[in-house]
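Heads up: take any position in the sequence shown, counting from 1, add 46, and you land on this note's numbering.
Quick reminder that beta carbons are idealized off the backbone N, C-alpha and C, glycines included.
All of these numbers come straight from a predicted model, not from anything done at the bench.
So the structure is just underneath, and the comments pick up after that.
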Amino acid sequence: MQLRDLRVVALLALLCLAVGASASESPPKRPGQAAIASPHPLATRAGMEVLQAGGNAFDAAVAVSAALAVVEPYGSGLGGGGFWLLHRAEDRYQVMVDGRETAPGAAHRDMFLDDDGQPVPDLSRNSMLAAGIPGLPAGLVHLSSQYGRLPLGSALAPAIRYAEEGFEVYPRLLMGLEFKREQMLTSPAAAEVFLPGGELPELGSVLRQPDLARTLRRIVERGVEGFYAGPVAEALVAAVQAGGGIWTLEDLAGYRIVEREPVIMRYRDARIVAASLPSSGGVVLATVLNILDGYDLSSLSAEDATHLVIEAMRRGYRDRALYLGDPDFVDVPLEKLTHPLYAAGLRAGIRLDRALPSEYLPGIGSEPEGTQTTHFSIIDADGNRVGATQTLNFWYGNGLMAAGTGVLLNNEMDDFSAKPGVPDGFQLVTAQANMIEPHKRMLSSMTPTFIESPRGVAVLGTPGGSRIISMVLLGVLARVDEGASARQMVERRRFHHQYLPDRVVYETGAFDEATAEALRARGHVLAETSRDYGNLQVVTWDHADNRVQAASDPRGDLGEATEAY
Ligand code: GLY
47 MQLRDLRVVA
57 LLALLCLAVG
67 ASASESPPKR
77 PGQAAIASPH
87 PLATRAGMEV
97 LQAGGNAFDA
107 AVAVSAALAV
117 VEPYGSGLGG
127 GGFWLLHRAE
137 DRYQVMVDGR
147 ETAPGAAHRD
157 MFLDDDGQPV
167 PDLSRNSMLA
177 AGIPGLPAGL
187 VHLSSQYGRL
197 PLGSALAPAI
207 RYAEEGFEVY
217 PRLLMGLEFK
227 REQMLTSPAA
237 AEVFLPGGEL
247 PELGSVLRQP
257 DLARTLRRIV
267 ERGVEGFYAG
277 PVAEALVAAV
287 QAGGGIWTLE
297 DLAGYRIVER
307 EPVIMRYRDA
317 RIVAASLPSS
327 GGVVLATVLN
337 ILDGYDLSSL
347 SAEDATHLVI
357 EAMRRGYRDR
367 ALYLGDPDFV
377 DVPLEKLTHP
387 LYAAGLRAGI
397 RLDRALPSEY
407 LPGIGSEPEG
417 TQTTHFSIID
427 ADGNRVGATQ
437 TLNFWYGNGL
447 MAAGTGVLLN
457 NEMDDFSAKP
467 GVPDGFQLVT
477 AQANMIEPHK
487 RMLSSMTPTF
497 IESPRGVAVL
507 GTPGGSRIIS
517 MVLLGVLARV
527 DEGASARQMV
537 ERRRFHHQYL
547 PDRVVYETGA
557 FDEATAEALR
567 ARGHVLAETS
577 RDYGNLQVVT
587 WDHADNRVQA
597 ASDPRGDLGE
607 ATEAY
């Protein structure tokens, strides 16, 4: 059977402590119900367990983040990083908690180039040099201590249980292992957990991670020091160095979470709040939506509207390539890039009858497959929200584990520009702004996002490498322009243009034949992919009926669609 045939709708939901606001209030002050959308039912259950124990959305986010690190080990983990976009209902405070990995202190600009100055992809993806200093454990501790109500131990309890007692091996986990098998066999610690006897585990067999459970317990006992100092840190550094990497104990001890202002933009009657640098997501989204705000897409034909969305994506992703990097290291012209007048200038260069070849845009002068990353969305009964995207980069990161820790290491260093203009693993090109420097954060596409409008609120995000931003964009357009429900948002067929390579990748069924023909006639190069992509997780709170809904992408292969009020 094809793996995609095994996909089941994932979603989740629930909780009902009180039936919210009275009918006379408008908009309602609180939903009175909670919803979680995550790609794995056990992760969703972890979040619900914590909400039912009196936790808020932030405690639930800690529980879901950590649970995903255990039950979706190919997508994210303690050895990786993430962004958590928060909305605190009581004072409407909004912030992005930046737990992105950093380059080690001994990292340098040319570390992934050979003697001829050419990038060596194996080094930036499959070696100990590929691993950035993890941010996810610090993110969990920060979220819990700054925003949660419950002790960290309560929020991490479900993840520890899953690691100790195990969970059933499922198709996507096996697919990733097939892909990563050879690399993982070079790491005895990783192979012991994921490739018993050197073989793939049986579908449905129980996968236990006792070392990972122990590391989680240390974090409960010691906070950040449980990971960034002491025996766990020593084991991590020893393994990285033994494998030719450059981590030091100082790198780990020096890791810091950064709180950043989200990027805020308007599109029609909606206020969009999205991840800020070092994620490129919010900035690209702002440019693209500012361009599109000058049109009335809903009044246009499908071919005109699609053409304009593609042209706007092309320009937004071009700016990503040219200007974006870690704002603590490079001056990014943020105000300009997110300003409606800048977008008006870009809009003026768009012709309705022709695609502009990307090479005609001033810039630098390349399809993503199989990024693993993961996303979940939460709203609690009080209206607190979390959208979080977290990652190890590619399947199981670099596939290497430090013995005794249960921690798989990331290969996030590949998100830096090894050489300006040379594409990374997602065929994304970046420039000087994203060159490697010690302690710098690599540019990301992870885009947790809120949509706030008179209709209510949506929290959304997805894995998908460079396509994350275009998937979130299509989600925003579906909700704001078409009034889509959470379910309709995740089901919508997708298309994507990222400036280079200069082509429109689209899922089978995204365009009817007439639209495809009209786009080709305007000069677009179309590349159909029969492989669905993404795993969008959406929760919504609609004010008219004061209901929350949650929907998981049908492209995911796990989960159950359940809602309770
Ligand atoms: N590693 C994928 C991203 O951060 O965009």
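- Message: ligand 3 and M492: does any heavy atom of the ligand fall closer than 7 Å to the residue's C-beta?
- Response: For ligand 3, the structure offers nothing, since it holds only ligand 1.
- Query: Looking at the structure shown, is E483 part of a helix, part of a strand, or coil, going by DSSP?
  - Reply: Counting from one through the sequence shown, the residue named residue 483 turns up at place 437. E483: coil per DSSP, three-state reduction.
- Message: If distances are taken between C-alpha atoms only, which option among D588, A532 and V143 comes closest to G185?
- Response: For the purposes of this step, residue 185 is taken as residue 139 along the sequence shown, with counting starting at 1. Out of D588, A532 and V143, the CA that lies nearest to the CA of G185 is found in V143.
- Message: Only counting the same chain, and skipping five residues up and downstream in sequence, which positions put a Cβ closer than 7 Å to that of G212?
- Response: Your numbering for residue 212 matches position 166 in the sequence shown. Cβ within range, chain order: V252, L253 and R254.
- Segments assigned alpha helix (DSSP H), at least 4 residues, entirely inside the segment 451–484: Counting whole runs of 4 or more residues, the segment 451–484 contains no alpha helix (DSSP H) stretch at all.
- Query: When every heavy atom of ligand 1 is checked, does at least one fall within less than 7 Å of the C-beta of G511?
  - Reply: Indexing the sequence shown from 1 puts residue 511 at position 465. Set against 7 Å, the gap from the CB of G511 to the closest heavy atom of ligand 1 is smaller.
- Query: For K226, does the count of other Cβ atoms within 10 angstroms reach 16, so buried, or fall short, so exposed?
  - Reply: Sequence index remark: in the sequence shown, residue 226 carries index 180 (1-based). The residue is buried, with at least 16 neighbouring Cβ atoms inside 10 Å.
- Could you pull out every unbroken alpha helix (DSSP H) segment of at least 4 residues lying fully inside the segment 474–553, listed in chain order? Here the runs fully enclosed are 513–528 and 532–537.
- Boundaries (first-last residue) of the beta strand (DSSP E) holding S423: For the purposes of this step, residue 423 is taken as the residue at position 377 of the sequence shown. Start and end: T420 to I425.
- Item | Span separating the alpha-carbon of V594 from that of S325 | By 1-based counting over the sequence shown, the position of residue 594 is 548. By 1-based counting over the sequence shown, the position of residue 325 is 279. If I take the Cα positions, the gap works out to 28 Å.
- Task: Examine ligand 1 and report whether any of its heavy atoms sits within less than 7 Å of the Cβ of D144.
- Result: Here residue 144 is taken as the residue at index 98 of the sequence shown, counted from 1. No, ligand 1 has no heavy atom inside 7 Å of this Cβ.
- Query: Thinking C-beta only, is T586 closer than 8 Å to A524?
  - Reply: As a position in the sequence shown, residue 524 is number 478, starting the count at 1. As a position in the sequence shown, residue 586 is number 540, starting the count at 1. In this structure, T586 does not lie closer than 8 Å to A524 by Cβ.
- Task: Compute the minimum distance between the beta carbon of T419 and the heavy atoms of ligand 1, and state whether it is under 7 Å.
- Result: Numbered from 1 along the sequence shown, position 373 holds the residue referred to as residue 419. Yes, the Cβ of T419 comes within 7 Å of a heavy atom of ligand 1.
- Can you pull the DSSP bridge partners for P165? Taking the first residue of the sequence shown as position 1, residue 165 is located at position 119. Paired residues: L159.
- Task: Using three-state DSSP, classify R593 as helix, strand or coil.
- Result: Stepping through the sequence shown from its first residue, residue 593 is reached at position 547. Looking at R593 - three-state DSSP - the assignment turns out to be strand.
- Just mark P600 as buried or exposed, buried being the case when its beta carbon has 16 or more other beta carbons within 10 Å. On the sequence shown, position 554 is the one that residue 600 refers to. With 16 or more other Cβ atoms inside 10 Å of its own Cβ, P600 counts as buried.
- A434, DSSP secondary structure in three states: In the sequence shown, counting from the first residue as 1, residue 434 sits at position 388. In the three-state reduction of the DSSP assignment, A434 falls in the strand class, which pools E and B.
- Message: For a test of your reading of the model: does the CB of E118 fall under 7 Å from any non-hydrogen atom of ligand 1? Yes or no.
- Response: In the sequence shown, counting from the first residue as 1, residue 118 sits at position 72. No.
- Task: Tell me Y208's beta-bridge partners as DSSP assigns them.
- Result: As a first step, residue 208 must be located in the sequence shown, where it is residue number 162. Here Y208 is not bridged, per DSSP, to any residue.
- Message: Please classify T261 as buried or exposed, where buried requires at least 16 neighbouring CB atoms within 10 angstroms.
- Response: The residue labelled residue 261 in the question sits at position 215 within the sequence shown. Around the Cβ of T261, a 10 Å sphere holds 16 or more other Cβ atoms; the residue is buried.
- Express the C-alpha separation of H133 and A597 in angstroms, rounding to a whole number. Counting from one through the sequence shown, the residue named residue 597 turns up at place 551. Counting from one through the sequence shown, the residue named residue 133 turns up at place 87. Each residue's alpha carbon lies about 20 Å from the other.
- CA-CA distance, M535 and D527? For this step, residue 535 is matched to residue 489 along the sequence shown. For this step, residue 527 is matched to residue 481 along the sequence shown. Those two C-alpha atoms are separated by around 12 Å.
- Task: Return the CA-CA distance between G507 and G555, expressed in angstroms with no decimal places.
- Result: Walking along the sequence shown from the start, residue 507 turns up at place 461. Walking along the sequence shown from the start, residue 555 turns up at place 509. Answer to the nearest angstrom: the Cα atoms are 22 Å apart.
- Task: Please go through the same chain and pick out, in chain order, the residues whose beta-carbon is closer than 6 Å to the beta-carbon of S72, but skip the five residues on each side of it.
- Result: The count along the sequence shown starts at 1 and reaches residue 72 at position 26. For S72, where only same-chain residues beyond five positions count, there are no Cβ hits under 6 Å.
- Message: Taking the beta strand (DSSP E) that V584 belongs to, which residues open and close that run?
- Response: Taking the first residue of the sequence shown as 1, we reach residue 584 at position 538. Counting along the chain, the beta strand (DSSP E) containing V584 begins and ends at Q583 to D588.
- Query: Between which two residues does the alpha helix (DSSP H) containing L407 stretch?
  - Reply: Taking the first residue of the sequence shown as 1, we reach residue 407 at position 361. It is not in any alpha helix (DSSP H) - L407 carries neither H nor E in the DSSP assignment.
- Item | Residue interval of the alpha helix (DSSP H) (run including I179) | The residue labelled residue 179 in the question sits at position 133 within the sequence shown. For I179, no alpha helix (DSSP H) run applies, since DSSP gives it neither H nor E.
- Item | Other residues of its chain near G502: CB distance less than 8 Å, five sequence neighbours each side excluded | Start at 1 with the first residue of the sequence shown, and residue 502 comes out as number 456. Within the same chain, G502 has close Cβ partners P73, T586, W587, D588, H589 and A590.
- Query: Do T437 and ligand 1 come close, with the Cβ less than 7 Å from some heavy atom?
  - Reply: Locating residue 437 in the sequence shown gives position 391, where the first residue counts as 1. Residue side-chain check: T437 places its Cβ nearer than 7 Å to a non-hydrogen atom of ligand 1.
- Message: Which complete beta strand (DSSP E) runs does the segment 57–142 hold, if anything under 3 residues is left out?
- Response: Secondary structure remark: continuous beta strand (DSSP E) runs of at least 3 residues inside the segment 57–142, in chain order: 60–62, 79–83 and 127–134.
- Task: Kindly indicate the opening and closing residues of the beta strand (DSSP E) around E305.
- Result: Locating residue 305 in the sequence shown gives position 259, where the first residue counts as 1. Start and end: V304 to R306.
- Query: Anyone know if the C-beta pair for A83 and D428 falls short of 8 Å?
  - Reply: If you number the sequence shown from 1, residue 83 lands on position 37. If you number the sequence shown from 1, residue 428 lands on position 382. D428 sits away from A83, with the two beta carbons spaced by 8 Å or more.
- Are N102 and N439 touching if we call contact CB-CB under 8 Å? The count along the sequence shown starts at 1 and reaches residue 102 at position 56. The count along the sequence shown starts at 1 and reaches residue 439 at position 393. No, Cβ-Cβ distance for N102 and N439 is not below 8 Å.
- Item | Beta-carbon spacing of P256, L323 below 8 Å | Working through the sequence shown from its first residue, we reach residue 256 at position 210. Working through the sequence shown from its first residue, we reach residue 323 at position 277. No, the pair does not count as a contact, with Cβ atoms beyond the cut-off.
- Exposed or buried, G272, counting other C-beta atoms within 10 Å across all chains shown (16 or more means buried)? For the purposes of this step, residue 272 is taken as residue 226 along the sequence shown, with counting starting at 1. Around the C-beta of G272, 16 or more other C-beta atoms lie within 10 Å, and the residue is accordingly described as buried.
- Message: If you follow the beta strand (DSSP E) that R317 is in, where does it begin and where does it stop?
- Response: Residue mapping note: residue 317 aligns to position 271 of the sequence shown, counting from 1. Counting along the chain, the beta strand (DSSP E) containing R317 begins and ends at A316 to A320.
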